[in-house]
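Chemist: If you use the working numbering, the sequence shown closes out at 252, no skipped numbers anywhere.
Don't be surprised by glycine CBs; every beta carbon is placed ideally from N, CA and C.
Fair warning: this is a prediction, and the values are worked out from it, not measured in the lab.
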Amino acid sequence: MDFSPVVTPPLDLVFRPAVLWNRAFSRIVAESGNPVPVRFALEQADGLVLHRETEVLPSEHPSSFLNFRFAERLLKFLLWSAGGPRVYFDGPPELGEALCKHFEDTTTGRFDAAFIARVYEKPFEVILTSDLPAERSSAKALGRHLEGNRIGFDLGGSDRKVSAVVDGEVVFSEETSWNPYHQEDPNYHRKGIAESLRKAADHLPKVEAIGGSSAGVYVDNQPRVASLFRGVSDELFDSAVKPMFRSFGKE
2 MDFSPVVTPP
12 LDLVFRPAVL
22 WNRAFSRIVA
32 ESGNPVPVRF
42 ALEQADGLVL
52 HRETEVLPSE
62 HPSSFLNFRF
72 AERLLKFLLW
82 SAGGPRVYFD
92 GPPELGEALC
102 KHFEDTTTGR
112 FDAAFIARVY
122 EKPFEVILTS
132 DLPAERSSAK
142 ALGRHLEGNR
152 IGFDLGGSDR
162 KVSAVVDGEV
172 VFSEETSWNP
182 YHQEDPNYHR
192 KGIAESLRKA
202 ADHLPKVEAI
212 GGSSAGVYVD
222 NQPRVASLFR
232 GVSDELFDSA
242 VKPMFRSFGK
252 E
């Protein structure tokens with residue numbers, strides 16, 4: 002299967018973009034004359050379900066060993082781009098079983114399964130079935146809300162930034178150095194963030210909205226995976242870090 006790029010990167014001579022591999026695989030599937038349908042359904046939060054359909058080679062094809070590589074990479078992309086703790090698979094039984102074993106027995110598979118389980122606070126599982134749940138999606142408008150008295154903050158590894166805004170006009174802005182990454186006591190983080198928020202609030206007649214950003218995965222204003230708190234134990238993360246941002250809104 003030829004998927005060499007037109008231009009070879011001089012600093013990585015063996016690099017091959019995934020898109021070229023996928024195109025080459027799709028050509029082989031089409032040329033086989035007997036493509037086998039495969040369907041994925043990812044069950045996400047709030048009852049949302051994402052569907053993805055594709056095709057693989059029939060089991061008797063001499064290159065059918067490529068099916069696993071294609072399906073595993075596709076599913077990995079879906080997990081990290083869309084997410085979902087429960088995956089429904091409809092396709093060749095041997096391929097489905099190979100995917101299940103991947104998430105149970107390999108280092109990379111177990112990492113993905115543990116990460117997704119932590120994000121959704123549910124065990125990760127792959128279900129082999131032809132009865133997929135119906136697709137369900139949602140959409141909402143986000144951003145450009147400048148009216149009122151608002152606080153915005155950004156939490157980085159070397160500094161934290163905060164601004165107070167009234168009807169789109171910045172009335173206060175501050176950047177403060179800190180060192181949160183290897184702090185084992187989450188009170189360090191709490192005190193620093195609270196200090197920045199209080200300073201911003203002092204420049205507003207009242208606080209009507211607070212919005213923030215930081216590296217990681219945050220669900221319903223709760224950090225599930227966050228590099229900012231990498232030094233905090235799992236036990237303290239659950240008891241002190243997860244409820245932290247919700248408590249700021251109440252304070």
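1) Applying the 10 Å Cβ sphere with the 16-neighbour rule, what's the burial state of H146?
2) Using 7 Å as the threshold, is the C-beta distance between V51 and A83 below it?
3) Assign L100 to one of two classes, buried (16 or more other C-beta atoms within 10 Å of its C-beta) or exposed (fewer than that).
4) Is it buried or exposed, L229, if we count other Cβ atoms within 10 angstroms and call 16 or more buried?
5) Checking 7 Å against the spacing of the C-beta atoms, do R40 and D91 come in under that value?
6) Quick one: grab the DSSP three-state call for F230.
7) Over what stretch of residues does the alpha helix (DSSP H) that includes A25 continue unbroken?
8) Taking C-alpha atoms, which residue in P181, E170, V167 lies nearest to G157?
9) Which residues in the same chain have their Cβ closer than 8 Å to the Cβ of A118, if we skip the five residues on either side of it in sequence?
10) Note down the Cα distance separating R247 from Q223, rounded to an integer number of angstroms.
11) Measuring alpha carbon to alpha carbon, tell me which of N188, L205, P206 ends up nearest A241.
12) According to DSSP, is V57 part of a helix, a strand, or is it coil?
13) Whole-angstrom Cβ separation of A114 and R74, contact assumed at under 8 Å?
14) When burial is assigned at 16 or more other CB atoms within 10 Å of the CB, is V15 buried or exposed?
Modeler: Well, looking at it:
1) The residue is exposed, with fewer than 16 neighbouring Cβ atoms inside 10 Å.
2) In the sequence as displayed, the identity of residue 51 is Leu instead of Val. Contact flag set, yes.
3) Buried, since its Cβ has 16 or more Cβ neighbours within 10 Å.
4) It is buried - the Cβ of L229 has at least 16 other Cβ atoms within 10 Å.
5) Contact: yes.
6) In the three-state DSSP reduction, F230 falls in the helix class (H, G or I).
7) From DSSP, the alpha helix (DSSP H) with A25 extends over 19–33.
8) Of P181, E170, V167, the smallest CA-CA separation from G157 is found for P181.
9) Closer than 8 Å at Cβ, skipping near neighbours: P86, P124, F125.
10) Distance between the alpha carbons of R247 and Q223 is about 7 Å.
11) Per the Cα distances, N188.
12) Of the three classes helix, strand and coil, the one that applies to V57 here is strand, per DSSP.
13) In fact, because the Cβ distance is near 16 Å, the residues do not count as touching under 8 Å.
14) Residue burial is scored here from C-beta neighbours: V15 has fewer than 16 other C-beta atoms within 10 angstroms and is therefore classed as exposed.
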